[in-house]
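**Q**
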Ligand code: ADP
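In my numbering, the protein residues as written are 108 to 696.
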């Protein structure tokens, strides 16, 4: 920029040029487009002040509390002006001018050698100060100074507000264009959103119908709704909602709420030709600028409902079938259970049979071994005795002959006893044993029995007989009582040494006949005592003493046939006591 300082010569009317410059400034300021035009013009005005050497304009820097040099005159005097500005700040003159918001004149004798002074001019605006002008000058006359200073102050105010106006205008322009830009963007966005919403509205598979409640008519419908209803948009828009949705009651909506919803409920849709389809419906009320819009969105669920119905029916059918099958199964299980029970029963039977079979085969084995021994021995004795008699018929003495004959008779007796016992057992097994009760003399029976014993091999044996006289007449089965006593006596004799007595006792109580046989022989081992009444059983301590294991079985069967019972007490190597209880009939007792 060229210097606009003219000369140092004081004109006769120095304020006139200054005033003219101000006038010029006011004329053109309205058309200023650039702030620097304003600054230039302002510099031009200040250069008209008489004896001006330099001038400069500062404004407040943006967002800083410091001045920024905007223009100086002459144009190359920036450095000088800065130095001056620094001097004025440090000397406090800038502060004074700003505080008083009025022009001060500062003598520069301490700073420069050219006898100059500087006018510090604050640019005042309503809200304070927005700039500062420094004018370095020489030789202002006192009167003129006062006038010029007032004029300068006025211009400073004008300049301040011009700058402020420009700045406001500038800000306004800027914000206006930003706003316009924003509006344009929003308009574009809005148009885009509208397009998008329309695309969605048109493309969704959900039927949408919009009702304007103020006119109570349908105002919008989407293609999906048209398709479901079976009518064109033109045949739907403008009609009442109840034409299509029979169950509609918008009175449920509360007037005060701006937005309300009825979510997912089953409803019906009347379609073309008055047919109805089942729908799942969503109703939303929206208050928009005093308009109340209701949006109905819905989907066809008739097919789903149909499928549901079919499914329910199928389920029911299935349930019935399952129930039937369960019942069948229960019956089957029941059958199976009873079959298993039958089988188990059969198995038990089978096992029993097997046990019996086993027992039978064991019995058979024992019987065979018994027979082979007990039958063979007497038969051998008979045969050998008979052979002796026949062989030595002529040479045999009468005594020897008698001896052999007795042996034969004894063996035959033994065989007879044996066969009798076997037959007896056979009869009890086949339940053929008959009971024949009659009065008989038990004392006589016992005495005869003992005699028989003494006549045989036991002629050296001592028998002690303790019999109640009342036993002379008892009512029972004589044969069975005989069998019982003969077996017990035979055992007592067999299993005790000949030197020991055998005690036979008999008594009657109120109800029973009690017979006992006591010996003092080998006794029965304790662990085997419970088996001695079993068929063919023989205790381990019998050694070579011959026997069949039949006797006690016969005794037990006989006693039980008579309705009685038997007790036994035995101690190894001390002896054995058998006690038989036979019930008597009342008449007899
Ligand atoms: P057995 O023919 O062997 O005598 P029993 O049936 O009469 O058969 O007796 C069964 C078993 O009981 C005998 O083998 C014997 O072991 C035992 N027994 C019976 N009576 C007596 C007794 N008085 N003293 C010792 N043991 C006896």
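We put the beta carbon where it would ideally sit given N, CA and C, even for glycine. Keep in mind the model is a prediction, meaning the values are calculated, not measured.
List, from N- to C-terminal side, the beta strand (DSSP E) runs of 3 residues or more that fit wholly inside the stretch 285-366.
**A** Complete beta strand (DSSP E) runs here, min 3: 314-319 and 324-328.
**Q** Assign residue 588 to one of two classes, buried (16 or more other C-beta atoms within 10 Å of its C-beta) or exposed (fewer than that).
**A** Residue 588 comes out buried.
**Q** Among residues of its own chain, excluding the 5 on either side of residue 155, which ones have a beta-carbon nearer than 7 Å to its beta-carbon?
**A** If we look at residue 155 and ignore the five residues flanking it on each side, its Cβ neighbours are 124, 125 and 128.
**Q** Use the C-beta contact count for residue 351: other C-beta atoms within 10 angstroms, 16 or more gives buried, fewer gives exposed.
**A** Answer is buried; the Cβ neighbour count reaches 16.
**Q** What residue range is occupied by the uninterrupted alpha helix (DSSP H) comprising residue 653?
**A** Segment: none, residue 653 is in no alpha helix (DSSP H) and carries neither H nor E.
**Q** Less than 6 Å between C-beta atoms, sequence neighbours within five positions excluded: which residues of the same chain meet that for residue 570?
**A** The answer, listed in chain order, is 557 and 609.
**Q** If you measure from the CB of residue 590, is any heavy atom of ligand 1 nearer than 6 Å?
**A** No, since every heavy atom of ligand 1 falls outside the 6 Å radius drawn around the Cβ of residue 590.
**Q** With a threshold of 16 other CB atoms inside 10 Å of the CB of residue 626, please say whether the residue is buried or exposed.
**A** That one is buried.
**Q** Which of the three DSSP states is assigned to residue 674 in this structure?
**A** It is a strand residue.
**Q** Give, in chain order, every unbroken run of the alpha helix (DSSP H) that is at least 4 residues long and sits entirely within the stretch 137-208.
**A** Taking only runs of at least 4 residues, the alpha helix (DSSP H) segments lying wholly in the stretch 137-208 are 142-153, 185-197 and 200-207.
**Q** Identify whether residue 428 lies in helix, strand or coil by the three-state DSSP scheme.
**A** In the structure shown, residue 428 sits in a helix (DSSP, three-state: H, G or I).
**Q** Based on the DSSP output, what are the partners of residue 621 in its beta bridges?
**A** Residue 621 pairs with 614 and 688.
**Q** Measuring only from the beta carbon, is residue 666 closer than 6 Å to any heavy atom that is part of ligand 1?
**A** The answer is no for residue 666.
**Q** Hey, how far is the Cα of residue 410 from the Cα of residue 440?
**A** Each residue's alpha carbon lies about 43 Å from the other.
**Q** Return the CA-CA distance between residue 403 and residue 298, expressed in angstroms with no decimal places.
**A** So the two alpha carbons sit approximately 24 Å from each other.
**Q** Here's a check: name, in chain order, each residue in its chain whose Cβ is nearer than 8 Å to the Cβ of residue 146, leaving out the five neighbours to either side.
**A** 164, 177 and 178, listed in sequence order.
**Q** What are the partner residues of residue 398, as DSSP defines its beta bridges?
**A** DSSP output for residue 398 lists 395 as bridge partner(s).
**Q** In angstroms with no decimal places, state the Cα-to-Cα distance between residue 118 and residue 219.
**A** Note that residue 118 has pLDDT 44, beneath the 50 cutoff, so the model's placement of it is unreliable and the number below is only indicative. The straight-line gap from Cα to Cα measures roughly 25 Å.
**Q** By Cβ distance, which residues of its chain are closer than 6 Å to residue 635, with the 5 residues on each side in sequence left out?
**A** Cβ within range, chain order: 646.
**Q** For ligand 1, is there any heavy atom lying closer than 6 Å to the beta carbon of residue 563?
**A** False, no ligand heavy atom lies under 6 Å from that Cβ.
**Q** Are three or more beta carbon pairs between the stretch 512-519 and the stretch 485-500 nearer than 8 Å?
**A** Output reads yes: the stretch 485-500 touches the stretch 512-519.
**Q** Can you tell me which of 213, 323, 245 and 269 puts its alpha carbon nearest to the alpha carbon of residue 141?
**A** It is 269 whose Cα lies nearest to the Cα of residue 141.
**Q** If I'm right that residue 229 touches residue 208 with Cβ under 8 Å, what's the distance once you round it to whole angstroms?
**A** Contact flag correct, Cβ pair sits at about 6 Å.
**Q** In angstroms with no decimal places, state the Cα-to-Cα distance between residue 307 and residue 313.
**A** Cα-Cα distance, rounded: 10 Å.
**Q** Please determine, among 393, 371, 348 and 370, the residue with the shortest C-alpha to C-alpha distance to residue 377.
**A** Ranking the options by Cα distance to residue 377, first place goes to 348.
**Q** Are any of the Cβ atoms in chain D nearer than 7 Å to that of residue 641?
**A** The structure shown contains no chain D, having only a single protein chain.
**Q** Given a cut-off of 7 Å, decide if residue 200 and residue 213 are closer than it, judged by their beta-carbon atoms.
**A** Taking 7 Å as the Cβ cut-off, residue 213 and residue 200 qualify as a contacting pair.
**Q** For ligand 1, is there any heavy atom lying closer than 6 Å to the beta carbon of residue 484?
**A** False, no ligand heavy atom lies under 6 Å from that Cβ.
**Q** Can you tell me where the alpha helix (DSSP H) with residue 483 in it begins and where it stops?
**A** Per DSSP, residue 483 belongs to the alpha helix (DSSP H) from 483-498.
**Q** Once you ignore the five residues that flank residue 113 on each side, which residues in its own chain have a CB closer than 6 Å to its CB?
**A** Per-residue confidence for residue 113 stands at a pLDDT of 41, beneath the threshold of 50, marking its modelled position as unreliable; the derived number appears in the next sentence. Around residue 113: no qualifying Cβ.
**Q** On the premise that residue 578 lies in contact with residue 550, defined as a C-beta separation below 8 Å, what is that separation, rounded to the nearest angstrom?
**A** Indeed they touch by this definition, with Cβ atoms about 5 Å apart.
**Q** Taking contact to mean 3 or more Cβ pairs, one atom from each stretch, closer than 8 Å, check whether the stretch 370-386 and the stretch 278-290 are in contact.
**A** No, because fewer than three Cβ pairs between the stretch 370-386 and the stretch 278-290 fall closer than 8 Å, the two stretches do not touch.
**Q** What residue range is occupied by the uninterrupted alpha helix (DSSP H) comprising residue 562?
**A** Residues 549-562.
**Q** Ignore the nearest five residues each way along the sequence and tell me which others in residue 696's own chain have a CB closer than 7 Å to its CB.
**A** Caution applies to residue 696, whose pLDDT of 40 falls short of 50 and renders its modelled position unreliable; the value that the coordinates give is listed next. So the qualifying residues of the chain are 617 and 618.
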